[in-house]
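A.B. asks:
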Amino acid sequence: MRLPAPLLLLLGGVVVAAMLTWILPAGQFDRRDDAATGRRVVAAGTYHRVDRSPVGPFGAAVAVARGFVAAADVIAVVLFVGGAWIVVDKLGALEGVTSDLLRLLGSRGLLTIPIISIFFATMGALENMQEEIIPLVPALLVLGRAIGVDPVTVIAMSGGAAMIGSAFGPTNPFQAGIALKLAQVPPLEAGGLRLAMFIVAVGLWIAWTMVHAMRNRQSTNPQSIRNPQSSIRNDVVLAVALLPMAAYVYGTLKFDWGFNELAGAFLIGGIAAGLIGGYGVMETLAVFVEGMQALLPAALLIGVARAISLTLEDGRVVDTILNSFAAWLGHVPPVASAYLMIPVHSIIHVLVPSVSGHAVLTMPVMVPLADLLHLPRIVAVLAYTIGGGLLGECLSPTNGALLALLAAAGVPFNKWVRFAVGGLALTAAIGMIAIAILSIA
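Just so we're on the same page, this note's numbering is the position in the sequence shown counted from 1, plus 359.
1. When the distance is taken between beta carbons, is Arg675 closer than 9 Å to Gly483?
2. Are three or more beta carbon pairs between the stretch 649-668 and the stretch 757-775 nearer than 8 Å?
3. Less than 9 Å between the beta carbons of Leu750 and Pro712, yes or no?
4. Are the CB atoms of Val511 and Trp775 nearer to each other than 9 Å?
5. Put Asp615 into one of helix, strand or coil per three-state DSSP.
6. Between the stretch 432-444 and the stretch 610-622, can you find at least three pairs of beta-carbon atoms closer than 8 Å?
7. Leaving out the 5 sequence neighbours to the left and right, which residues in its chain are closer than 6 Å to Glu486 when beta-carbon positions are compared?
8. Taking Ala403 and Pro693 to be in contact with their CB atoms under 8 Å, please state how far apart those CB atoms are, rounded to whole angstroms.
9. Going by C-alpha distance, which of Ala431, Met378, Leu495 and Gly528 is nearest Ile558?
10. How would you call Ser412, buried or exposed, if buried means at least 16 neighbouring beta carbons within 10 angstroms?
11. Rounding to the nearest angstrom, what Cα-Cα distance links Ile477 and Leu379 in this structure?
12. Is the beta carbon of Gly426 less than 9 Å from the beta carbon of Ala664?
13. For the candidate residues Gly769, Ile794 and Asn773, whose alpha-carbon lies nearest to that of Tyr743?
14. Who are the Cβ neighbours of Val447 in its own chain at under 7 Å, not counting the five residues just before and after it?
15. Which value, in whole angstroms, describes the spacing of the CA atoms of Pro587 and Ala505?
16. If you scan the stretch 763-797 from start to end, which runs of the alpha helix (DSSP H) of 4 or more residues do you find wholly inside it?
17. In three-state terms, what does DSSP make of Arg467?
18. Closest by CA to Val401, which one among Val373, Asp389 and Val375?
19. On a CA-only basis, which of Gly397, Leu370 and Thr405 is nearest Ala686? Give me that one, please.
20. Buried or exposed for Phe778, going by 16 or more other Cβ atoms inside 10 Å?
21. When you compare each of His708, Gly650, Glu672 and Ile661 to Leu495 by their alpha carbons, which one comes out closest?
22. With a cut-off of 8 Å on the beta carbons, I'd call Ser705 and Gly746 a contact; round off their distance for me.
23. If Asp509 sits next to Gln577, beta carbons under 8 Å apart, how far is it from one beta carbon to the other, in whole angstroms?
24. Grouping DSSP H, G and I as helix and E and B as strand, with all else coil, what is His804?
25. Could you have a look at Arg425 and say whether DSSP puts it in helix, strand or coil?
26. Assuming Leu785 contacts Leu563 under a Cβ cut-off of 8 Å, what Cβ separation, rounded to an integer in Å, is found between them?
27. Name the residue from Pro384, Leu754 and Leu367 whose alpha carbon lies nearest to the alpha carbon of Ser683.
28. Identify the continuous beta strand (DSSP E) that holds Arg399 and give its terminal residues.
29. From Ala424 to Ala666, what distance separates their C-alpha atoms?
30. Would Ala538 and Val414 be called neighbours here (beta carbons separated by less than 9 Å)?
31. What residue from Arg408, Ile707, Arg391 and Ser668 has the CA that sits closest to Ala430's CA?
32. Give the straight-line distance between the Cα atoms of Leu369 and Thr721, rounded to the nearest whole angstrom.
33. Taking Leu366 as the reference, which of Gly782, Val780, Phe772 and Ala624 has the closest Cα?
34. If you follow the alpha helix (DSSP H) that Asp509 is in, where does it begin and where does it stop?
35. Report back the beta-carbon spacing between Val561 and Ile591 to the nearest angstrom; my notes put them in contact at under 8 Å.
36. The beta strand (DSSP E) spanning Asp393 covers which residue range?
See the structure below:
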């Protein structure tokens, strides 16, 4: 059964969220400021009923508009990074570097898949890369056609690999980092095991992607890559365009940079690349704006996706859902509870499709639950990264960035799910084995 177009799917999600605010009882946890993370988090054991606040049709429509405001920093990144990469693409730098790569690999073009996958998995582990990939999809599709792979493979070796790296990356400040702080667990807790999980999970995902690519191999089309006129110029232009990303990774780890800094860096990088590549100021700006316009559909999906969680928050039912799950898990045997935390996190991630927002909401509740069940706190962290960061991010129809990636590549959501579910089952099994080891240790 084919799912509706991404925009219709997300708008339907807003409608369903509004309906839930009329059906479920309203309730909230108390919040407190957390010094370790600098975020406002829920206080475990403080859930209480509050006055109902159902969201009507007009309120749901307003939530869509508010979604764009709430996701403004993410939307700015998509548009500004898109503008910069279109400048690079118009100059022929991407095609030039791609041509060099293909000449280097020769008939072993499929080796591009592990190379690209490892890069994006590493970026995911370092800074939770996802939205930043959306503007790169057109260039990656050109590379995919050149080596004879379909668009599903292109998304798998870029966005999919980044999501795997984000979920299992022991250094990811937006997933494992926040969850560990909220759980008051040392950053290097079970570090060797978590690093092994990352390596094995990325390896399994690459193998799954390679098998799909070989089964669906298309005729190669190296002619889709034009011969570069100036290899040195292409390298310099591409290096200038990549500098903002390198600066962002460093700034994220050292100076708590966010999407606003990344967008500003790519504004500078895109203009600099155009000037170095031979464009004048006016031509550079014109191409930059053209690139932003090309990414407007992706930005639209991200804004509408944010409206779903806003609608649930307006109706005061998110905490009700979380409290119900926590109460249910408290009556299950400890090891079974550890495993059941995974699907619970996956469901919650559909309602709260932000890994940091998800952690802030759930970890203060799940960690005391783990203590009550005599489970190591790191188990609660792993359940969150597997259920929310892995399965939730890769399969949730409310993940605006995922739908934007698929839309940019022309891949239907249901086709992506059919491909991804097997690889995700393999990688999730790695996490479940780790949970079992830690639970019985």
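By construction, the Cβ of each residue, glycine as well, lies at the ideal position given by its N, Cα and C atoms. None of the values given here were measured: they were computed from a predicted structure.
C.D. replies: Once the coordinates are examined:
1. The residue labelled residue 483 in the question sits at position 124 within the sequence shown. The residue labelled residue 675 in the question sits at position 316 within the sequence shown. Contact: no.
2. In the pairwise beta carbon analysis, the stretch 649-668 is classified as touching the stretch 757-775: at least three pairs are separated by under 8 Å.
3. On the sequence shown, residue 750 is found 391 positions in, with the first residue counted as 1. On the sequence shown, residue 712 is found 353 positions in, with the first residue counted as 1. For Leu750 and Pro712, no; Cβs fall outside 9 Å.
4. Counting from one through the sequence shown, the residue named residue 511 turns up at place 152. Counting from one through the sequence shown, the residue named residue 775 turns up at place 416. Yes; because the gap between Cβ atoms is below 9 Å, this pair is in contact.
5. Taking the first residue of the sequence shown as 1, we reach residue 615 at position 256. The answer is coil: DSSP assigns Asp615 none of H, G, I, E or B.
6. Flag = yes, the stretch 610-622 and the stretch 432-444 touch.
7. The residue labelled residue 486 in the question sits at position 127 within the sequence shown. Within its own chain, the residues whose Cβ lies closer than 6 Å to the Cβ of Glu486, once the five positions on either side in sequence are excluded, are Val608 and Thr611, listed in chain order.
8. As a working mapping, residue 403 is identified with position 44 in the sequence shown. As a working mapping, residue 693 is identified with position 334 in the sequence shown. Rounded to the nearest angstrom, the Cβ distance from Ala403 to Pro693 is 18 Å, too far for a contact under 8 Å.
9. Against the sequence shown, residue 558 aligns to sequence position 199. Sorting Ala431, Met378, Leu495 and Gly528 by C-alpha distance to the C-alpha of Ile558 places Gly528 at the top.
10. Sequence index remark: in the sequence shown, residue 412 carries index 53 (1-based). In this structure Ser412 is exposed. Its beta-carbon is surrounded by fewer than 16 other beta-carbon atoms within 10 angstroms.
11. Looking up residue 477 in the sequence shown gives position 118. Looking up residue 379 in the sequence shown gives position 20. Near 41 Å, if we compare the C-alpha coordinates of Leu379 and Ile477.
12. The count along the sequence shown starts at 1 and reaches residue 426 at position 67. The count along the sequence shown starts at 1 and reaches residue 664 at position 305. The answer is yes: Cβ separation under 9 Å.
13. As a first step, residue 743 is located in the sequence shown; it is residue number 384 there, counting from the start. Closest by alpha carbon: Ile794.
14. Position 88 of the sequence shown, counted from the first residue, corresponds to residue 447. Excluding sequence neighbours, Val447 sits near Leu453, Val596, Leu597, Ala600 and Ala632.
15. In the sequence shown, counting from the first residue as 1, residue 587 sits at position 228. In the sequence shown, counting from the first residue as 1, residue 505 sits at position 146. Confidence in Pro587 is poor, its pLDDT being 48 and thus under 50, which makes the residue's placement unreliable; the coordinate value appears in the next sentence. Straight-line spacing of the CA atoms in Pro587 and Ala505 works out to 15 Å.
16. Counting only runs of 4 or more, we get nothing.
17. Position 108 of the sequence shown, counted from the first residue, corresponds to residue 467. For Arg467, the three-state secondary structure derived from DSSP is coil.
18. Residue numbering aside, residue 401 sits at position 42 when the sequence shown is read from its first letter. Taking only the C-alpha atoms, the option nearest Val401 is Asp389.
19. Position 327 of the sequence shown holds residue 686. Ranked by Cα distance from Ala686, the first of Gly397, Leu370 and Thr405 is Thr405.
20. By one-based count along the sequence shown, residue 778 stands at place 419. Burial is judged here by how many other beta carbons sit within 10 angstroms of a residue's own beta carbon; Phe778 has at least 16 and is buried.
21. To locate residue 495, count along the sequence shown from 1; it is residue 136. Comparing Cα positions, the closest option is Gly650.
22. The residue labelled residue 705 in the question sits at position 346 within the sequence shown. The residue labelled residue 746 in the question sits at position 387 within the sequence shown. That pair is a contact at about 5 Å.
23. Numbered from its first residue, the sequence shown carries residue 509 at position 150. Numbered from its first residue, the sequence shown carries residue 577 at position 218. Confirmed, about 6 Å.
24. Nothing can be reported for residue 804, as the shown portion of the chain is limited to 360 through 800.
25. Start at 1 with the first residue of the sequence shown, and residue 425 comes out as number 66. Helix.
26. One-based indexing of the sequence shown puts residue 785 at position 426. One-based indexing of the sequence shown puts residue 563 at position 204. About 5 Å separates the beta carbon of Leu785 from that of Leu563, a gap short enough to meet the 8 Å contact definition.
27. On the sequence shown, position 324 is the one that residue 683 refers to. For the residues Pro384, Leu754 and Leu367, the minimum Cα distance to Ser683 belongs to Pro384.
28. Translated into positions along the sequence shown, residue 399 becomes position 40. Arg399 -> beta strand (DSSP E) spans Arg398 to Val401.
29. Translated into positions along the sequence shown, residue 424 becomes position 65. Translated into positions along the sequence shown, residue 666 becomes position 307. Answer to the nearest angstrom: the Cα atoms are 8 Å apart.
30. Your numbering for residue 538 matches position 179 in the sequence shown. Your numbering for residue 414 matches position 55 in the sequence shown. Their beta carbons are not under 9 Å apart, which means Ala538 does not touch Val414 by this criterion.
31. What you label residue 430 is simply residue 71 of the sequence shown in a count that begins at 1. Checked all of Arg408, Ile707, Arg391 and Ser668; the closest Cα to Ala430 is Ser668.
32. Within the sequence shown, the letter at position 10 stands for residue 369. Within the sequence shown, the letter at position 362 stands for residue 721. If you draw a straight line from the Cα of Leu369 to the Cα of Thr721, it is about 23 Å long.
33. Here residue 366 corresponds to residue number 7 of the sequence shown, with the count starting at 1. From the listed residues Gly782, Val780, Phe772 and Ala624, the smallest Cα separation to Leu366 is found for Phe772.
34. Stepping through the sequence shown from its first residue, residue 509 is reached at position 150. Asp509 -> no alpha helix (DSSP H), and no H or E assigned at all.
35. Walking along the sequence shown from the start, residue 561 turns up at place 202. Walking along the sequence shown from the start, residue 591 turns up at place 232. No, Val561 and Ile591 are not in contact; Cβ-Cβ is about 33 Å, not under 8 Å.
36. On the sequence shown, position 34 is the one that residue 393 refers to. Segment Arg390 to Asp393, the beta strand (DSSP E) holding Asp393.
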